[in-house]
Each structure stands twice: as structure tokens, then as C-alpha cells.
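Position one of the sequence shown corresponds to residue 1 (the UniProt record's numbering), numbered consecutively onward.
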Amino acid sequence: MSQDRILYTKPSITALEVQYATDAAANGWGEHCYDYLNRFEREFAAWMGVPHAIATSSCTGAMHMGLAALDIGAGDEVILADTNWIATVAPIVHVGATPVFVDVLIDSWCIDPQAVRAAITPRTKAIVATHLYGNLCALDELAALAEQHGLALIEDAAEAIGSVYHGRRAGASARFGVFSFHGTKTMTTGEGGMFVTSDADLYERVLTLSNHGRKRGETKQFWPSEVGFKYKMSNLQAALGCAQLSRIDELVRRKREVFQHYQQRLQPYVDKGVLAINPEAANTQNGYWMPTVVFASATGITRERLQQAFKTEDIDARVFFSPLSSTPSFSPVATNTLAYDLPHRAINLPSYHDLTEPQIARVVACLLSVLPD
Ligand SMILES: *Cc1c(COP(=O)(O)O)cnc(C)c1O
1 MSQDRILYTK PSITALEVQY ATDAAANGWG EHCYDYLNRF EREFAAWMGV PHAIATSSCT
61 GAMHMGLAAL DIGAGDEVIL ADTNWIATVA PIVHVGATPV FVDVLIDSWC IDPQAVRAAI
121 TPRTKAIVAT HLYGNLCALD ELAALAEQHG LALIEDAAEA IGSVYHGRRA GASARFGVFS
181 FHGTKTMTTG EGGMFVTSDA DLYERVLTLS NHGRKRGETK QFWPSEVGFK YKMSNLQAAL
241 GCAQLSRIDE LVRRKREVFQ HYQQRLQPYV DKGVLAINPE AANTQNGYWM PTVVFASATG
301 ITRERLQQAF KTEDIDARVF FSPLSSTPSF SPVATNTLAY DLPHRAINLP SYHDLTEPQI
361 ARVVACLLSV LPD
């Protein structure tokens, strides 16, 4: 068996992506400079089942514009899970609002609706639901809270392309949803993101913001009506995006197959309560961006022990997100017990599309080697 290094992620790039990118580089200028971009937005919206999509240079940029378009700013509070990537909270800070970190649920590792309810104040403006590692948030409960308190529900679906909640794609149900096409994600444009919404006014507002504050149909040249942003995606990146999107079902299917190979091997340990893996609740589909294992506290297994085992085997596994409130930019929220506890006994497993079964077996053997006999 080959003992080559097993990478954590890498994109699935075929001749189609090369063909589209080459075409964009050769021909996508002048009157064709937006062809792939317009097509990518149109086809992404259609695939999502939403009327509006705006391609951006990153998911972070999409979130920043969405928050700005909702007029969220100084004095406002935005509730999000403490277990999150920094990209989810950075735009909240950039608009001058205050992030309020709450704990996560034990099974999905996503934001706990009860904790959200307890954190709502008269200053709360929005709830950000991050579908962690492809696992779906409790969207019905969160939507009910948002409705009841007049808050905007936002879906950070950066990790959840291919996840489906009660028949709706992740990112499609909230006031707006955001996606990332960073090189580590299920579908990539190198760097890039997408803003999606069903709200026509919000769409217009973000469209204007995304174009340096220039309104669609403005006849005066070089005439911004306000100070906006420059978070546009390039036509070249969109060409890659069009190719990846035409393969999206295959890309998601392969992510699910990789997870299922892990699951087959790990299920006996799940059944015995030794460890937990990404859940797939009834009436949902998990896009399984990132297969993740959380060991039971009773096993005594630590992140350091796991990292050592994977390092020895030359397997590029990654740590579970540390709570954002524990990082130097914020103040610790000690009551977020699970968000603080989970990373100490968890690990993300390699999951790129071309991972082979023997490689998966090697990862699992390494993972289980930390358990006492
Ligand atoms: C990757 C990621 C982002 C950021 O995506 P960028 O395109 O790098 O800005 C945001 N939120 C979550 C949860 C992510 O995993």
C-alpha cells in the first residue's frame, strides 16, 4: 500500500474547467467580459431555486455586503455560533456591529436555537446560521425565532453546498445566504463567493453596493450614488465556476460517497458511543463538506494525541474550529461549554473527491489507533 502523504482537501478539476478557463482567458474580454459571470449567476440561482444571485470575490465579501444592505451597524447585535470560522464574524465587526457568540448543539455542532432565544436583546438585528461542515442548522426553529422577534435570519452556507433542509437547498431559505468557492470548498473558483436571496429589494441594494455604489441603469458615467464595495468576481473565475457548477451533482455525490466510506467503517464505534460523526437528520441531506469525528469525553482522547497520530502517518487531518470567543480579538464566553469542549476531542478527516478507498482505510486505521485495545 502506498504511504504517500494524504492531503486534506484539493479541488476536482477536469478538462472542462481548463477548457472554460482557457476560453475566458482567450475570448472573455471586450463585449464578452461578463459572459461567464452572467451565466454563472443565472445558473447558480437556478440550481439553488432562488431568483437572485450575485457572484463575489469571497464569501466574506458577500456577507459584508449583505449585512451592510440590511443596515446593520454600530449599536446592533448579531448572534452567531461560537463554533465558526473567522470569516463569519469578520464582516459583523467590519460593519461596526457587536457579535454575540452562543453555544452549539451536541449532535450537529451548529448554533443552538435555545441559546439564541436567551441571547436576544432589543439590540439584536440578525441571527447567522452557519451550516458547520455541511451539517444543517435547525432552520425551522431559527426562522420561528427570527420571525417572532423581527430579526433577519442569515445562512452561512459556505460549507454546505449540496446540503438540503426539508427540500430547500442550504442557503435558500433565509433573508440571504452566502457561499464560498475557496479552493478547499466542495466547488471552487480559486477564490470566490456568492450572495443569494429571494428578496428583490435586497438584491438591488447588494447589486448597487457590489458595484461601488453605482445603481443599475444609472445613465451618468462614473456616478456612484453612495460609497459601496468592490467585491466582484472576475469573468475568469466565473468560467471555472460555470464548469464546476455543471458538475455540481457529481461533486456533491462524491463528497457523500467519501463520507459513506468513512461511515461504514466508523458506525460500530458510533453505535457503541465511542465517537460521533456528522449527522444527517430526517428529511435533510448533508453535503458532507468535511467528515468530522468527535470522540466521547470518556475515551480521554485529545486533539494533541490525534494530531500526533496523523502527523506520524503523514495524513493531513485538521483541528475542529476553536471557539471564536477564545481568539485574541474577542472575550471568552465561558458558558459556551460545548463550543469550548468539542475541539479538544475532535478532528476533521481528509475528504477530497479523488480520495481512494485504500486511502480512506488508512485514515480510519490511523484514527482508531488512538483508541486503547
Ligand atoms: C470558508 C468559509 C467562509 C469564507 O469563505 P471565503 O470565500 O474564504 O471568504 C465563511 N464561512 C465559513 C463557515 C467558511 O467555512
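Cβ atoms here follow ideal geometry from the backbone N, Cα and C, with glycine treated the same way.
Between ligand 1 and N278, a heavy atom-to-CB distance of less than 7 Å is absent.
In this structure, G193 has its CB closer than 7 Å to one or more heavy atoms of ligand 1. The segment 103-121 makes no contact with the segment 50-66, as fewer than three CB pairs between them are under 8 Å. Residue pairing by DSSP places Y165 opposite R168 and T284 in a beta bridge.
If only complete runs of 4 or more residues are kept, the segment 182-243 shows the alpha helix (DSSP H) at 200-210, in order along the chain. Where F40 is concerned, the enclosing alpha helix (DSSP H) starts and stops at D35 to M48.
Taking the Cα positions, R169 is about 8 Å away from G49. Burial is judged here by how many other beta carbons sit within 10 angstroms of a residue's own beta carbon; L145 has at least 16 and is buried. With contacts defined as CB atoms closer than 8 Å, P224 and G213 qualify as a contacting pair. Between G228 and the set H64, V270, Q359 and P291, the nearest pair of CA atoms involves H64. The segment 340-350 and the segment 301-318 touch, with three or more beta-carbon pairs separated by less than 8 Å.
Collapsing the DSSP output to three states places L80 in a strand. In this structure, the beta-carbon distance from F222 to I54 does not fall below 8 Å.
Annotation: the continuous alpha helix (DSSP H) that includes H94 extends over I86 to H94. A residue is called buried when at least 16 other Cβ atoms come within 10 angstroms of its Cβ; H32 does not meet this threshold and is exposed. Burial state of H353 is buried, judged by a 10 Å Cβ sphere holding 16 or more other Cβ atoms. For a cut-off of 8 Å, the C-beta gap from A157 to G167 is around 15 Å, too long to register as a contact. In this structure, L151 sits away from A129, with a CB-CB distance that is not shorter than 8 Å. In terms of Cβ geometry, V258 and I277 do not form a close pair [threshold 8 Å]. Remark: C-beta atoms of T189 and F176 do not approach each other more closely than 8 Å.
Taking 8 Å as the cut-off, the beta carbon of N235 is found no closer than this to the beta carbon of G96. Every unbroken stretch of the beta strand (DSSP E) spanning 3 or more residues and falling wholly within the segment 121-165 is given here in chain order: 124-130 and 152-156. Counting along the chain, the unbroken beta strand (DSSP E) around V293 starts and ends at T292 to F295. In this structure the segment 199-208 lies against the segment 68-75, because at least three pairs of beta carbons, one per stretch, are closer than 8 Å. Sorting V178, L240 and T335 by C-alpha distance to the C-alpha of G66 places V178 at the top. The criterion of a C-beta distance shorter than 8 Å is not satisfied by V319 and G287.
R123 sits exposed, since fewer than 16 C-beta atoms from the chains shown fall within 10 Å of its C-beta. At least one heavy atom of ligand 1 falls within 7 Å of the beta-carbon of D156. Ranked by Cα distance from E77, the options F101, W85 and A87 are led by F101.
In the DSSP annotation of this structure, the continuous segment of the beta strand (DSSP E) that includes H52 starts and ends at H52 to T56. Taken from the Cβ of K185, at least one heavy atom of ligand 1 lies inside 7 Å. S329 carries a coil assignment under DSSP once its states are collapsed to helix, strand and coil.
Within a 10 Å sphere around the beta-carbon of N135 sit 16 or more other beta-carbons, which makes this residue buried. Per the C-alpha coordinates, the member of A160, T121 and H149 positioned closest to C137 is A160.
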